[in-house]
Every structure is written in C-alpha cells, then in structure tokens.
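Protein sequence lines correspond, in order, to chains E and Y.
Following the working numbering, the numbering of the first sequence begins with 40 at its first residue and continues without gaps.
Following the working numbering, the numbering of the second sequence begins with 3 at its first residue and continues without gaps.
In this text, a Cβ means the ideal position worked out from N, Cα and C, and glycines have one as well.
To keep things clear, I will list the structure first and then write my remarks on it.
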Amino acid sequence: MTGTFLGMPPFPEAARAALADTQLRRNLAHATATIRAKRNAVVAEVAEWEDLRLAGAAIKDEVLLNLDTYLVQLEQSLVAAGATVHWARDATDACRVVAQVAKAHGVDEVVKVKSMATQEIELNEALAAEGISAWETDLAELIVQLGDDLPSHILVPAIHRNRAEIREIFRSRMAGAGRAAPDDLSDEPADLAAAARLHLREKFLRAKVGVSGANFAIADSGTLVVVESEGNGRMCLTLPEVLVTVVGIEKVLPSYADLDVFLQLLPRSSTGERMNPYTSMWTGVTPGDGPQEVHVVLLDNGRTRALADDIGRQALRCIRCSACLNVCPVYERTGGHAYGSVYPGPIGAILNPLLKGPGLDAQTDSLPYASSLCGACFEACPVRIDIPTVLVDLRAQVVDAHRSSSGHRRLPKPEALAIKVAGWSLARGDRLSAAARMTGLGSRVASRVLSRRLPGGRPAITRLPGPGARWTGARDLPLPPAESFRAWWRRTGGGR
Amino acid sequence: MTARDQVLASVRRALAEAPSAPVASRAYRDQPTPDGDLVALFAQRVSDYKATVVRCGPDEVAAAVAAALDGARPVVPDGLPWPMEGAIPDTGQVSSELDVAEAVVTTATVGIAVTGTIVLDHGPGQGRRALSLVPDLHVCVIRTDQIVRGVPDAIALLDPARPQTWISGPSATSDIELNRVEGVHGPRTLRVVVVD
C-alpha cells in the first residue's frame, strides 16, 4: 500500500533533506523544464488565452458564491439521471460510503482512476482496513503504489522517479500485485508503458466496482467529466458494473456549455497538449452502456472552511492542472514530498492551510512560507488564483493563530516578536533615534571584524548571533550605515 | 442533522457575508473564424498525435475502412451506414470477449479541428463505450460536414444527456519523465477515415 504523509516534518526541514538528493533534483529539473516548454508552446497558440482565464475564474467564482444552490441542483440532476447521491462531511464519511458500496457487492478489490479527492481522504488505506484492495491504474499512481512511495506531483505523482528507477520498481514489485513484469523489461518508456498495460489488463477485465474522482460536475445536467490520457480512466468508468465517484463540492460547473472554457484551459495548462487523449462524460446511468449502478459522493472535508475565507476562497477555483508546480522555483528544487501533502507546490501551500486551518500543526503552518512570492504561479494559473496574495494573508493568519488568545496562551512566532519590536521603535522619533544609534554603533564594531562585501562594495554581515542566525543562514545582511539619516541631517543641516 | 444538511449549512454559513458573483465574460467565443481549410487543419492536428488520417469519397468508405483494418477482423456496432462483411456484430459481449477482438470500427458525432479531437456520443454507428475501448485498433469514420473549428463549436452541438468519449489520438501517457509515449490501455492505434 502507498505510504502516508502523516507525521511529516515542517517544510524547511523536509526541503533541506530533499535538496541534498541530487538524483531527485536532476529528475525534477528535467521533467519541469520539459513540461514548461510544452505548455508555453500550446498556450501561445491560443490568441484568446487571457479571455479564457478571465472566464474560467468568473465561472468558478459564480459557482463558489452560490454553491448551496448549485449543489442542490446537481443532486437533483444526478438523481433524475439514475445516480445515487451521498454527502460526506469529511474523509471518514466518504471512505465509509465507498467501503459500504464495495461490501454490498461482495468484492475484495476495486479499480481506481487517478483522483486527488480520493488521495486526500486516504481512501486506499481506509479500504485496506476493510479488507478491500484498491488498485491504482494510472501509470504514475501505479509506480507510487508499487514502490510504497508517496505522490510528489498533482498530475504526475511519480515525477521524482526516472525511467531506470521505474524499471526497478516494476521488476521487483509487479509480481506481488498480479501479473509480473516481463523478464527482459528495458527502461524505454514505451516498454514500461506496455508492461503496465499487461499488468493492469486482467484487473480491468474482472473488476466489478470502479472508483473515480471527477474533474467537473455539471449542475444542470448531472454530467460528470473525467479528463485523462492513458485509457485507464475509460476502463474504470466503463467496464465495472458499479461506479463510485468522489467529487469535491467545489468541482461543480453551472452548465454543460461552461465546459467550453475548461476543456480549453485544462489540457494546455496541465500536460501541455492541445487536448488530452481521452475525456469521458457520463450522466447517471445509460441503459446497456457502462455501469448500471452509479454512486456520487459529494465531499466537504474542509472546503467550506476555505469557502469562508474571503481572500483564500479563490483557491477553490483550482482545477488541479499543476501548472503552478511546474513553474515554481521552490517546487522545482525541493520536489513535492517536502510539502507533506497530496497537494504540493504553490497551490498546496495555500490549499492545505485553508482546508485545515492555521495554528493546529507545525507542518501545515510552515507551508505559506514555502515560497519566494515571485508570482510565477499566478501568471501560469488558468483560473487566475492569486497565490502570492493568499500566501501573504495566510502568513498573517499563522502568526495570529500563535498570538496569546483568551483561554490559552501559545508561543508567539519569532516574526511576531520582531514586528512587535519594530513597531515599538518606529512608533516614536526618540525611540527610532536610539535604535539607529544602537545599530550604528553595532555596525562600526561589526565592520572591524567582517571582511565580506556585497556587489557594489557595501559591507555585509554573513552571520548573526542567536535567533538571527536563521535569517543569515540563507542571506547576507547589508551592514547598517555607521551614521543614521536623522543623525546626518542634524549634523549637516540637511547637507547645506 | 444529516451529512447533507450539515454540508449545506456550512456552505451557507461560509457565504453569509460574501459578495455577489461577477458576470462571466464570454469574449473568448467571439474569435473570428480564420480562413483556411478546417478539414486540412483537423487532419494535420489528428496526425500530430501519431494517429493516421486518410481522406476518401462517399463511395470509397468500405474500401478505405478495409485498408485501415489491414486484415484485422473488427467488432462493429449496430447502425454503421455501410456494409461490413465478416465483421463481428455487437451482441453484448462481456469485456473479456471484447478483449479477443483485434479491432473496432465506428462513426463519430463531431470532429474538432483546432485540437484534433473526435467525439463519440455512442449512438447508432458508435455503439456502447466498451466497444470502442477494449480492442487495440480503432478505425473511426467521420464526415467532413461533422468537423467544426474549436471546442466551443463542438460543445454547442453535443447533448450532455448522452455519454461521451472525446478522443485525441491513441492512448498515451506522459508519466515517465513527462515525455508523451503512445500506447497504454486504450486502443494503441487510431486510424481516422475522413469522408468528403
């Protein structure tokens, strides 16, 4: 079974370990450079790209701000089309529904389409606890599952693995899960894909129950949409007798016509293709075609928490394309595991704290800081999520969550202390002068012992003592001038 | 309180003080239709996915399909508009029986030129979804008058009540080092016959 992110260290610690892995950094640099080039090429073909982004953001906002209405409409449409609708407040609710459906049909295995929602609720682990094997059928998910590994990218969960590593995982692990890999398996991607085809074929053909997520759920028709490449999605959505689809409540679109925006935005942003190989749409039950028992689980699991956040709400526009990961200078170097969640990268840095709330665990609280705020993610986002603005707001929320509050005192963050000191000094002129004299004095002492100079010749402090050492661990601090501006003005009368 | 009531109550609480929604601009639909041959663009974009495209006249379809099958014996849905001698009819075979078939022949509902996409809505001539999925070779026949320019034009023609499969090239994956490799679980070979 796939591992779990539970108990991951905060981002800075996990990132330090990831940065030391040169193989990982090589794999990531190669993969992200490839996908960036492909995305840029196909986005440049679309003259109306910015209009599409604006429309995508506006349609999603329309849904989010009227979500109760659209959810009720979606439920009605699904039921009218022959589907059974379940509501899940959290992961436990959702996993219970899927397990109950599987047990009602007496199966000990299900086949799965890659889905972020089912990863988020750790459905595979929950089903395993009930004695049901959940077989991942997406190639990258299969690599992660066979390797007892963790996903590190939204679109390509095994992006941290190169072809030679994948070959080793297939050779050593496939036999334990079903049909073994061929003895003469090479590390050519085409050979590896063929091995996955043979391994999974028997599982597709015998599966009674399929489990999927959905990229979009259409409120006025009850249509569900899955966008994929390999055909494993079509297999899981078509061949089993029973289908259970777990859908985050933010996946709703008002009408079928709205797909014309998203089926242009998603493939170009995601895999950098004009269109992904396969998109499946189904509306409840179609007699004589595909699963004759269709369940839909509408999942909250923190989404209404995020919805209540005026600035963070826009994160729920996300269509899980992963363009923000591929352009992020931090993600490109640390990879996805350092984020400690199935949602890594810039979107994960805002989505996880929004779903869970600040001040509860150090790992989640570290994520809004896992960014240089360069803004590349906002520029790449097909639904214009202003990730840098949300990051800054979440940093403030994390600091606020650690302030002493009525009832229980928490340890304030060092940033909060530093700002408090700065606020005190800046509040009155005499305090500021005193602080300036102190830094000037410190500066004259420091300049005697430091020899390092910044470009331009200004002397720099390379290592502060005490808690400041964490600041200078990654930066040089320009030395404050020996004389403050206020002192200079007083001495020279403004330079006259 | 049921889970349904709780989720809906949480949504309403979250939105109690939220602003009203903006109106979505549909300016992207107003793109001028470029001059040039849509059918040629469609053929080129489909070929970009390493699918083969052949064009033929209305009375040459049977021969073009036979050539695309290259000796493979196909399973066929009801309602193909031309005769298919020796083909296996769809009798509701289970998945493992379909797995034995070497090929499938279908028509299509819409073709999208800009993205090189074929849309099946699984009506007559296209068959249930499993039929065009399990066999390894898919020969798909589309008329030039079914080809539209872009995704919005296709969406405007399609009926959401029908199951749909949008196909852009053969099965592929980008999961190994983010390079596209053709041929995973869906048909590994796609041959498109465009009928003038």
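Determine the burial state of residue i: buried for a count of at least 16 other Cβ atoms within 10 Å of its Cβ, exposed for fewer.
| i | result |
| --- | --- |
| H140 (chain Y) | buried |
| V96 (chain Y) | exposed |
| D297 (chain E) | buried |
| R492 (chain E) | exposed |
| K459 (chain E) | exposed |
| V137 (chain E) | buried |
| E312 (chain E) | buried |
| L10 (chain Y) | buried |
| V25 (chain Y) | exposed |
| E89 (chain E) | exposed |
Following the continuous beta strand (DSSP E) through residue i, name the residue where it begins and the one where it ends.
| i | result |
| --- | --- |
| I182 (chain E) | It is not in any beta strand (DSSP E) - I182 (chain E) instead sits in the alpha helix (DSSP H) that spans 178 to 185. |
| R193 (chain Y) | 191 to 197 |
| I257 (chain E) | 255 to 257 |
| A173 (chain E) | 172 to 175 |
| Q166 (chain Y) | 166 to 169 |
| R57 (chain Y) | 54 to 58 |
| G462 (chain E) | No beta strand (DSSP E) holds G462 (chain E); the alpha helix (DSSP H) holding it covers 453 to 466. |
| G384 (chain E) | Counting along the chain, G384 (chain E) falls outside any beta strand (DSSP E), though it belongs to the alpha helix (DSSP H) covering 384 to 395. |
| P154 (chain Y) | Taken as a continuous stretch (DSSP letters only), P154 (chain Y) belongs to no beta strand (DSSP E), being part of the alpha helix (DSSP H) at 153 to 159. |
| G125 (chain Y) | Per DSSP, G125 (chain Y) belongs to no beta strand (DSSP E) and is neither H nor E. |
| P76 (chain Y) | 76 to 78 |
| V248 (chain E) | 248 to 251 |
For chain E, is any of its Cβ atoms less than 7 Å away from the one on residue i?
| i | result |
| --- | --- |
| R14 (chain Y) | yes |
| L10 (chain Y) | yes |
| R130 (chain Y) | yes |
| V183 (chain Y) | yes |
| Q166 (chain Y) | yes |
| Q46 (chain Y) | no |
| P34 (chain Y) | no |
| P154 (chain Y) | yes |
| E179 (chain Y) | yes |
| P24 (chain Y) | yes |
| A53 (chain Y) | no |
| L135 (chain Y) | yes |
Report yes if the C-beta of residue i is less than 6 Å from at least one heavy atom of the ligand COA; otherwise report no.
| i | result |
| --- | --- |
| Y295 (chain E) | Although the ligand COA was asked about, the structure shown includes no ligands whatsoever. |
State the start and end residues of the unbroken alpha helix (DSSP H) segment that holds residue i.
| i | result |
| --- | --- |
| C142 (chain Y) | It is not in any alpha helix (DSSP H) - C142 (chain Y) instead sits in the beta strand (DSSP E) that spans 139 to 145. |
| V102 (chain Y) | From DSSP, V102 (chain Y) is part of no alpha helix (DSSP H); its letter is neither H nor E. |
| T262 (chain E) | Note, T262 (chain E): premise wrong, no alpha helix (DSSP H); beta strand (DSSP E) at 262 to 267. |
| I114 (chain Y) | Premise fails: I114 (chain Y) lies in the beta strand (DSSP E), 112 to 114, not in any alpha helix (DSSP H). |
| L503 (chain E) | Unbroken run through L503 (chain E): none, as it is neither H nor E. |
| I205 (chain E) | 202 to 216 |
| R240 (chain E) | 228 to 245 |
| I426 (chain E) | 426 to 440 |
| T511 (chain E) | 508 to 511 |
| A219 (chain E) | It is not in any alpha helix (DSSP H) - A219 (chain E) carries neither H nor E in the DSSP assignment. |
Determine the contact status of residue i and residue j, defining contact as a CB-CB distance below 7 Å.
| i | j | result |
| --- | --- | --- |
| V366 (chain E) | G95 (chain E) | no |
| A103 (chain Y) | V78 (chain Y) | no |
| T20 (chain E) | S260 (chain E) | Residue 20 (chain E) is absent from the model: chain E starts at 40 and stops at 535. |
| I257 (chain E) | L337 (chain E) | no |
| Y29 (chain E) | L390 (chain E) | With chain E covering 40 to 535 only, the question about residue 29 (chain E) has no answer from this structure. |
| V437 (chain E) | D400 (chain E) | no |
| R318 (chain E) | V266 (chain E) | The amino acid occupying residue 318 (chain E) in the given sequence is Thr; Arg does not appear at that position. In this structure, V266 (chain E) lies closer than 7 Å to T318 (chain E) by Cβ. |
| D515 (chain E) | T531 (chain E) | no |
| G374 (chain E) | L63 (chain E) | yes |
| G351 (chain E) | Y370 (chain E) | no |
With a threshold of 7 Å between beta carbons, is residue i in contact with chain Y?
| i | result |
| --- | --- |
| T123 (chain E) | no |
| W174 (chain E) | no |
| Y295 (chain E) | yes |
| G462 (chain E) | no |
| W321 (chain E) | yes |
| G329 (chain E) | yes |
| D90 (chain E) | yes |
| N271 (chain E) | yes |
| P392 (chain E) | no |
| S309 (chain E) | no |
| S260 (chain E) | yes |
| Q303 (chain E) | yes |
| R236 (chain E) | yes |
| M213 (chain E) | no |
Entirely enclosed beta strand (DSSP E) segments - the segment 284 to 335 of chain E, minimum 3 residues: 317 to 322
Ordered list of alpha helix (DSSP H) runs contained in the segment 12 to 52 of chain Y, each at least 4 residues: If we require 4 residues or more, the alpha helix (DSSP H) runs fully inside the segment 12 to 52 of chain Y come out as 40 to 50.
Can you list the alpha helix (DSSP H) stretches of 4 or more residues lying completely in the segment 86 to 153 of chain E, in chain order? 88 to 104, 106 to 119, 130 to 143
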